[in-house]
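A quick write-up on the structure given underneath.
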Amino acid sequence: MEKEVGTIIHFYPKIMVAVVRVSDSLKVGETIRIAGHTTNFTQTVDSLQIEHQQVQEVQKGETVGLRVAEWAREGDKIYRVTE
Numbered sequence: 026m027e028k029e030v031g032t033i034i035h036f037y038p039k040i041m042v043a044v045v046r047v048s049d050s051l052k053v054g055e056t057i058r059i060a061g062h063t064t065n066f067t068q069t070v071d072s073l074q075i076e077h078q079q080v081q082e083v084q085k086g087e088t089v090g091l092r093v094a095e096w097a098r099e100g101d102k103i104y105r106v107t108e
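Under this note's numbering, read the sequence shown as residues 26 to 108, first letter to last.
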């Protein structure tokens, strides 16, 4: 089962970090799927940062840096994957 938790608003390819506007809580260790027109991959959240500070959890309305395993694009959606 999947629930949308955010939208990518910017992507930094050199450091493989996506800037995400969060629409639901998100925690380090959770499994997410990033999907868009040409994007579709699943990964575990291993790093979240707000203003260059590591955080373990983010809440709705926050903007966060998320390290991603593959290329992502602005407008891609992020979904929390649950059993």
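Idealized CB from N, CA, C, for every residue including glycine. Just so you know, these numbers come straight off a predicted model, no measurement behind them.
Counted within 10 angstroms of its Cβ, other Cβ atoms place residue i as buried (16 or more) or exposed
i	result
D110	Any question about residue 110 goes unanswered here, given that the chain covers just 26 to 108.
F66	exposed
G100	exposed
G86	exposed
I40	exposed
Contact belief for residue i with residue j at Cβ below 8 Å, rounded distance in angstroms
i	j	result
E27	Y104	4 Å
Residue i and residue j closer than 9 Å at C-beta
i	j	result
T64	A97	yes
V47	T88	yes
K52	E82	yes
I59	I33	yes
V42	R92	yes
heavy atom of the ligand NAD below 8 Å from residue i C-beta
i	result
E27	The ligand NAD is not among the ligands present in this structure, which contains no ligands whatsoever.
Residue-level contact to chain D via CB, residue i, 9 Å cutoff
i	result
E108	Among the protein chains of the structure shown there is no chain D, as only one such chain exists.
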